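So for the sequence shown, the numbering used here puts the first residue at 428; every next one is plus one.
Don't be surprised by glycine CBs; every beta carbon is placed ideally from N, CA and C.
Predicted model, so just to flag it, every value in this text is computed and none were measured.
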Amino acid sequence: MSSTALRARAAILAFLGHNATLGMIFGAFGTLLPAITATFHVSRGTTALALSIYMLALGLTAPVAGLLVQRVSLRAVMMLGAAASSVAFGLMVWARDIQQILVLFGLAGIGTGLLGIVAPTTLVSRWFVASRGRILGFVTAPVFMLAAPLVVAYLLPAYGLRSAFLTIAIVYLILTPLMFFVIDKPAEAFATAASDPRALPKARTSALGGMQFWLFTLGIMLVGGAGTGFLVHAVSFFVDKGLSLTLAASVYSVYALAGLAGTIMFGWIADRIGPVTTLLFNVAFQAAVWSLLAWVMSVNGLVVLAALIGACLAATNALHGAGLAAQFGVENVARLMGISSLLKIPTFFLTAPLVGYIRDVSGSYQMAYALLVAMLLMSALCFFAVTRIAKAGLPHADATPVPTVG
């Protein structure tokens with residue numbers, strides 16, 4: 428098989444790994460939230476805790492995955508992640524109370540930590556250099572996020588909550604044998620990337636000892652937490668605006684559809700001006716758009732804002748991986764991505780239930796969305812500080828690799 432075909436296969440498998448985990452779960456959960464709340468007779472804040480536990484398990488698993496992909500194999504780790512996720516959602520079909528749902532979302536988070544975060548980013552970083560930003564944009568393009576709310580919105584009234592859980596379990600069951608075709612890395616391409624003087628291979632201990640990594644990760648924590656708050660509650664937020672569940676899911680799908688274009692566009696920009704600078708512009712623009720969200724009432728206005736948010740927010744996962752590779756070198760991506768994912772736990776764990784709590788107490792999402800805008804502004808300040816470090820002559824906030832492979 429030609430090197431081009433092998434790189435294409437790596438990109439497609441990475442796409443499936445990421446999309447079937449983060450993409451599908453975030454896409455489906457907002458539509459599942461009202462159904463889970465009604466089925467198990469709990470508050471929205473309690474239901475949102477399921478996604479927080481999912482993110483907690485994901486974050487705790489990611490550093491382990493970072494070690495495993497270097498010491499075992501990407502193939503084995505990704506197959507194990509798909510299998511664990513299939514078991515989790517398969518068991519949800521028989522869950523009888525919210526406690527069981529929460530535990531099983533934790534198991535699904537372990538599956539995502541193995542399949543959908545560190546592994547796809549590492550796979551792409553090893554196989555691609557010059558086009559890394561664009562390929563990560565393709566991998567994180569929210570195709571499953573686009574389809575999931577529409578499929579779930581169809582299944583819930585027709586067949587019930589358990590049919591949605593079963594459908595998700597079947598998707599993971601199909602993915603498990605597909606991950607067998609993962610090839611960890613091409614020896615010569617990886618060697619080229621690792622020896623590239625502008626790929627900035629930097630020891631993990633050196634990265635952890637500097638402000639650059641911590642500021643970059645704090646920025647990712649804040650934008651990721653704000654994004655989680657939006658994704659979990661978006662459908663309910665649109666329903667509060669007067670939309671039907673089906674129409675709200677359709678507006679949410681516009682968010683995902685715009686994300687398809689946004690991930691590719693921002694990946695292309697990152698390949699030219701650097702991923703950290705791209706993140707700065709991305710997050711600052713998001714803050715401006717989100718500030719309008721609470722005040723817009725028309726369906727057309729919500730569609731436009733959802734599209735703009737989707738184009739920006741969906742790209743941040745790709746820019747996270749590209750930023751780590753550009754700043755600290757390809758060989759450090761797996762471990763640093765694992766550590767960075769672990770550090771995201773507080774904002775990912777707390778934001779969604781906090782937004783639900785504010786909604787339950789205040790009766791609207793307006794104050795909650797003001798909090799999310801503040802988080803985005805703080806994130807933009809972090810990325811701005813990282814770019815200042817680079818301009819001050821301190822190591823490498825935005826190195827762009829030499830276009831040699833991919």
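Backbone CA spacing between residue i and residue j [nearest angstrom]
i, j, result
"Ala676", "His445", "21 Å"
"Ala432", "Glu758", "23 Å"
"Met802", "Leu550", "30 Å"
"Thr548", "Arg436", "14 Å"
"Phe776", "Met805", "18 Å"
"Ser725", "Asn744", "30 Å"
"Ser663", "Gly454", "13 Å"
"Ala795", "Tyr481", "21 Å"
"Arg523", "Ser513", "18 Å"
"Leu529", "Leu732", "32 Å"
"Ala721", "Val496", "42 Å"
"Arg553", "Pro613", "7 Å"
"Ser479", "Cys809", "24 Å"
"Gly508", "Leu763", "19 Å"
"Leu602", "Leu443", "8 Å"
"Phe467", "Thr539", "25 Å"
"Ile597", "Ser767", "30 Å"
"Val832", "Leu460", "Any answer about Val832 is weak, because its pLDDT of 37 lies below 50 and its placement is not dependable; what the coordinates show is given next. Taking the straight line from one Cα to the other gives about 43 Å."
"Val491", "Leu563", "22 Å"
"Leu494", "Ala761", "7 Å"
"Phe608", "Ala438", "12 Å"
"Gly656", "Ala580", "20 Å"
"Ala447", "Thr774", "22 Å"
"Arg589", "Asp698", "43 Å"
"Ala714", "Ala568", "21 Å"
"Arg498", "Gly748", "20 Å"
"Leu729", "Ile736", "10 Å"
Own chain partners of residue i with C-beta closer than 6 Å, once the 5 adjacent residues on each side are dropped
i, result
"Ile463", "Thr474"
"Val469", "Ile525"
"Ser500", "Asp611"
"Thr827", "Low local confidence applies: a pLDDT of 44 at Thr827 is under 50, so the model's placement there is unreliable, with the coordinate-based value given in what follows. Answer for Thr827: Gly701, listed in chain order."
"Gly472", "Pro780, Gly783, Tyr784 and Asp787"
"Leu645", "Cys809"
"Ala484", "Gly533, Gly536 and Ile537"
"Met451", "Phe571 and Ala575"
"Thr778", "Gly652, Thr655 and Gly656"
Minimum C-alpha distance to residue i - residue among the options
i, options, result
"Ala535", "Gly543, Ala515 and Phe708", "Ala515"
"Ile691", "Val723, Leu781, Ser558 and Phe565", "Phe565"
"Ala734", "Ala715, Ala742, Val545 and Ala685", "Ala685"
"Leu531", "Arg498, Arg561 and Ala477", "Ala477"
"Asp787", "Asp698, Asp667 and Leu542", "Asp667"
"Asn709", "Ile439, Leu746, Ala492 and Arg559", "Leu746"
"Leu605", "Lys771, Met505 and Phe640", "Met505"
"Ser791", "Ala661, Leu518 and Ala714", "Ala661"
"Leu658", "Ala489, Arg498 and Ala741", "Ala741"
"Val681", "Leu542, Ala511 and Leu577", "Leu577"
"Ser558", "Leu541, Gly457, Arg434 and Leu799", "Arg434"
"Leu751", "Tyr599, Ala489, Val703 and Gly543", "Val703"
"Thr488", "Pro584, Phe555 and Ile544", "Ile544"
"Asn727", "Leu541, Leu670 and Ser718", "Leu670"
"Gly560", "Gly694, Leu542 and Arg502", "Gly694"
Endpoints, the alpha helix (DSSP H) within which residue i is located
i, result
"Gly564", "Arg559 to Val566"
"Leu494", "Arg471 to Arg498"
"Val678", "Leu672 to Ile700"
"Pro461", "Met451 to Phe467"
"Thr743", "Thr743 to Phe755"
"Leu518", "Leu501 to Met519"
"Leu781", "Ile772 to Ser789"
"Phe664", "Met638 to Asp667"
"Asn727", "Val726 to Leu740"
"Gly444", "Ser430 to His445"
"Ile595", "Leu588 to Leu605"
Beta carbon proximity, residue i to chain C, threshold 7 Å
i, result
"Leu740", "The displayed structure is made up of one protein chain only, and chain C is not part of it."
Residues near residue i in its chain [Cβ-Cβ closer than 7 Å; skip 5 each side]
i, result
"Ala441", "Pro547, Leu550, Val551 and Val566"
"Lys771", "Gly486, Ile647, Met648 and Gly651"
"Leu812", "Correcting the residue type first, residue 812 is Ala in the shown sequence and not Leu. Closer than 7 Å at the Cβ level, and outside the excluded window around Ala812, lie Leu642."
"Phe712", "Cys739"
"Ile696", "Thr705"
Chain-order list of residues whose beta-carbon lies under 8 Å from that of residue i (same chain, five-residue window excluded)
i, result
"Leu799", "Ala653, Gly656, Phe657, Trp717, Thr778 and Val782"
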